[in-house]
Every structure is written in C-alpha cells, then in structure tokens.
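Enquirer: From first to last, the protein sequence lines are chains C and G. Under my numbering, the first sequence has 1478 at position 265, and the numbering climbs by one with no breaks. Under my numbering, the second sequence has 428 at position 23, and the numbering climbs by one with no breaks. Note that CB positions come from ideal geometry on N, CA and C, so glycine has one too. The structure under discussion is supplied below as structure tokens; questions concerning it will follow.
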Amino acid sequence: SSLKKLHKTAEARAFVNGGGGGSKGDSFLLPGATVATLLMLGVLHGRRMYEDRKAEEARENGAELEFQPDVKVAASALHFQMLGIIDKCVSLRPHVYGAWARAFHSNLEEAALPLDEYASLREFFVRTLKEGSRPIDPDPRCLVSPVDGTVLRFGELREAGAMIEQVKGFSYSVFSLLGANSFLPMIAKGDMHEESSEPENTSREKNKKSWLRVSLASPKVWDPVSERPMNGLFYCVIYLKPGDYHRIHAPADWNVLVRRHFSGRLFPVNERATRTIRNLYVENERVVLEGLWKEGFMALAAIGATNIGSIELSIEPELQTNQARKKLLPSGPPEEQLYEPDGIGRMLKKGDEVAAFNMG
Amino acid sequence: STVVLVFQAPISLSQEKRDSSSEFKFLVQRGDRVRVGEALGRWYDQ
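Below you can see the structure in the form of structure tokens.
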C-alpha cells in the first residue's frame, strides 16, 4: 500500500511538473532518483515486514524479545542512583532492606547482623548468616548444595561434546562453560576429532571413549579391571534469585587446583533471559574453579548477572572481576590461575565458604 | 546469578545394573528450592 501511495504521489508530481505541458507519455517517465528512492523504500518496507513476521514467530514459539540496550542503560543508571541515595540515608536502610526482603522473599531472621548495621544495600545483599543457619549434611556419600537457590537442571553427561540444555532449543557445551584448558575439554577435543574421522564407530564404542576421557582427566578413579570406569559425569544448574543468600560453599571436601576467570557480559539470568539469550551462561562473566574430590573431577562455575558487580573468591581475595578494561574484549581467553604448582592446591572442607556474588 | 556444578560421581558398573544401589542419584527435582548444605545427591556402597 505504501508503494501504491508513492506511485500515485509520483504520478501527481509528474503531472504538475511536466504532464500539463508535455506529451501524455512523458508523465509516466520517472527520474532515476525517484526510482531509486522507491526501490529503497520498498526494500525497507519488505525488511520491516520480514522482521515483524520473525518476531511474531518467535513470540509464538514462546521466546520473549530481548531488552533494548537503551532500556538496559537507563535501568542500570537508575539502579545505581538509587543505591547511592539509600546508602546515604541511614534511617532509610532498615525500611529499604525490609522492602527488598519482602520483594524477594528473603528471611531476615537468618541475617547475621541487625538491619541497620549494614552500611549499604551491597553489604546487605552479600550478608552472612547466623551460625548454624545452614547445617551441612554430614553423610560422606552425599554431595551438598553449594548455594541457596532453585534447581534449574541436572543430569548426567554421557557423550563426547556433551551439551547442557539451557532451555528447550538452547544448549551450550560443557567445554565452552569450563574453558578450553579444562581437564575434560583438552582430552575431549582430540576424541571428538577422532570420532569425526571414524563415522562407522558404534554408539557403544563412543560411550567407552567418553568414559576413558573422563578417567584420563582424573586418573585416580580409573579402574582398568572393570569394563567401565566407576564414575560418571554429572551436572547441576542452580539459579539464585536477588533475595537469596549470595555466598558459595564447597559441595564436598574438595582440592581446588585451577581458577579460570572469563570476563564477559552481564546479561540477566532470570527465566525470561534464559528463554531469550542463546549461550547465556557462556556469554556472561564467570569464574570457574576446577579440582578433584574423592570421586574424581569437580568444577564449579559461578556465573554473574546484571545485578552482580563482581565475583569475590574467599580462596583468592586478590582476584578482581567485572573490570571495565576487560569488558572491551569480553570474548578473549580466560585468565587462569594454577593453585597447584607443588601439587597441593587449595584444600576445602565440605561447607567451607568459597566465593560470594557482590551487588552493583 | 547462577552456579553450575560439574562433577564425577559413582555409577553402576554395567548398563544392566543402572538401578543398582551404587549409583549416584539426585535427591532434588527441577524447580526445587535448595539451601547450602542440603544434599543434592547421594550414593551407597554395594
């Protein structure tokens, strides 16, 4: 319809400019610039229609549109201004923290300090808990939750190049999450190459290879007598809401050997974002701790979000995350710190504090 | 924020015995609220 209107306008213009005095056939000849303009408008209109249709299809499939960058910037600016005002008004603090707790279902009775003793919302956000608030399951044959949160996904990784599903249709590889230098990925890459050159491999053979890879990563658990190694590889994804206790603890007695810091973006990690942003966990800034526990390999990835300013490690306080300089190259290689130059690493007991997510 | 835990844990020795008592089993379900120190999963020696 736009093109028709434009065509009519062009005809009218031709009639006014030359149609009255010249021959009847000249009124249909449009100058080259007008034709180019019409073509450009047609292309733009077509593109707009195509984008609208794609967006409609995405909505029908359950995806919601990503937040516009300007909205994100405005929200972020407002957020930091509010934080500054709250920090300065001491009398406001208990009310604000109380409102925050009600909004995000935090249990204030567990907080280690009275509300007015938190100097800022940042301090309150990363609050410690009263002694004994989180009893650690003493069973040596169990793995405990490292955080307060909601279980999003869990399962077993059984194949080479195993993927963890973010939501239906969006998956990310465990290698991308942990890094190319991880124990598992280094061996897995070779394996994956072999598999691609030998398509006739049966699924059983592939399965055996993947187990061998896992065992090579932690030779202590490799049992050459049995047909398959004793241990499988599992994963668990836990989401922390803004009101949750934001400190991370060791899920077992754990010898941390390597730390990897991926400076990345800080997209939100709420339910809507997981349905909207592909590779969300791999794009976001994160700290990966990798090491061994009595059953073999163990890695923990602490993934930041929009409301997370930095990830602080209790076992390496000097680590600085969320630095503007590193944000310029968010997709660069991770910064790696080996904790085991002499084979000792950082020994943690089950329940020991490992890290904290800071706010703002 | 989110935490992803990747770990090895005991499994049964053969495909046929996948439901044997030596296998690591998650004690949680999707959507469950968990707290620090609560068991995510457990296994038993045969």
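(1) With a threshold of 6 Å on Cβ separation, who are the neighbours of F1383(C) within its own chain once the five nearest residues in sequence on each side are excluded?
(2) Using a Cβ-Cβ distance under 8 Å, would P1353(C) count as near chain G?
(3) Among the residues of its own chain, which have a CB less than 6 Å from the CB of I1528(C), if the five just before and after it don't count?
(4) Give the list of continuous beta strand (DSSP E) stretches no shorter than 3 residues that lie fully inside the stretch 1331–1362 of chain C.
(5) Give the residues of chain G in contact with Y1494(C), contact being defined as C-beta atoms less than 7 Å apart.
(6) Are the beta-carbon atoms of S1358(C) and P1530(C) separated by less than 8 Å?
(7) Excluding the 5 residues flanking N1468(C) on each side, which residues of the same chain have their C-beta closer than 6 Å to its C-beta?
(8) Taking I416(G) as the reference, which of G442(G), K430(G) and D437(G) has the closest Cα?
(9) What is the DSSP secondary structure of M1405(C), counted as helix, strand or coil?
(10) With H, G and I counted as helix, E and B as strand and the rest as coil, what does DSSP make of E1508(C)?
(11) From S1389(C) to Y1494(C), what does the alpha carbon distance come to, in whole angstroms?
(12) How should Q413(G) be labelled, buried or exposed, when 16 other C-beta atoms within 10 angstroms of its C-beta is the threshold for buried?
(13) To the nearest angstrom, how far is the alpha carbon of P1398(C) from that of V1256(C)?
(14) Can you pull the chain A residues whose beta carbon is under 8 Å from the beta carbon of T1363(C), in chain order?
(15) DSSP on L1321(C), reduced to helix/strand/coil?
(16) What is the rounded straight-line gap between the Cα of E1269(C) and the Cα of Y1263(C)?
(17) Cβ atoms of A1518(C) and V411(G): under 8 Å apart, would you say?
(18) Which partner residues of P415(G) appear in the DSSP bridge assignment?
Expert: Walking through what the data contain:
(1) Residue numbering aside, residue 1383(C) sits at position 170 when the first sequence is read from its first letter. Closer than 6 Å at Cβ, skipping near neighbours: R1491.
(2) Locating residue 1353(C) in the first sequence gives position 140, counting from the first residue. Chain G has no Cβ within less than 8 Å of the Cβ of P1353(C).
(3) Residue mapping note: residue 1528(C) aligns to position 315 of the first sequence, counting from 1. Closer than 6 Å at the Cβ level, and outside the excluded window around I1528(C), lie R1559.
(4) Runs of the beta strand (DSSP E) inside the stretch 1331–1362 of chain C: 1355–1357.
(5) Taking the first residue of the first sequence as position 1, residue 1494(C) is located at position 281. For Y1494(C), the chain G residues whose C-beta falls within less than 7 Å of its own C-beta are T407 and V409, listed in chain order.
(6) Taking the first residue of the first sequence as 1, we reach residue 1358(C) at position 145. Taking the first residue of the first sequence as 1, we reach residue 1530(C) at position 317. Taking 8 Å as the Cβ cut-off, S1358(C) and P1530(C) do not qualify as a contacting pair.
(7) Working through the first sequence from its first residue, we reach residue 1468(C) at position 255. Answer for N1468(C): G1504, L1505, G1558 and M1560, listed in chain order.
(8) Looking up residue 416(G) in the second sequence gives position 11. When each option's Cα is compared against that of I416(G), the closest is K430(G).
(9) Locating residue 1405(C) in the first sequence gives position 192, counting from the first residue. Because M1405(C) carries a pLDDT of 35, less than 50, the predicted location of this residue cannot be relied on, and no value is offered for it.
(10) Position 295 of the first sequence, counted from the first residue, corresponds to residue 1508(C). Residue state, collapsed to three classes: coil.
(11) Indexing the first sequence from 1 puts residue 1389(C) at position 176. Indexing the first sequence from 1 puts residue 1494(C) at position 281. Cα to Cα, S1389(C) sits roughly 9 Å from Y1494(C).
(12) Residue mapping note: residue 413(G) aligns to position 8 of the second sequence, counting from 1. Within a 10 Å sphere around the beta-carbon of Q413(G) sit 16 or more other beta-carbons, which makes this residue buried.
(13) Working through the first sequence from its first residue, we reach residue 1398(C) at position 185. Working through the first sequence from its first residue, we reach residue 1256(C) at position 43. Residue confidence is low: P1398(C) scores 43 on pLDDT, short of 50, so the model does not pin down where it sits. Its coordinate-derived value is still stated next. Between the alpha carbons of P1398(C) and V1256(C) lies a distance of about 46 Å.
(14) Protein chains in the displayed structure are C and G, and chain A is not among them.
(15) Residue mapping note: residue 1321(C) aligns to position 108 of the first sequence, counting from 1. DSSP places L1321(C) within a helical segment (H, G or I) once states are collapsed to three.
(16) Against the first sequence, residue 1269(C) aligns to sequence position 56. Against the first sequence, residue 1263(C) aligns to sequence position 50. Cα to Cα, E1269(C) sits roughly 10 Å from Y1263(C).
(17) Position 6 of the second sequence, counted from the start, is the residue given in the question as residue 411(G). Position 305 of the first sequence, counted from the start, is the residue given in the question as residue 1518(C). No, the pair does not count as a contact, with Cβ atoms beyond the cut-off.
(18) Here residue 415(G) refers to the residue found at position 10 of the second sequence. Partner(s): N1444(C).
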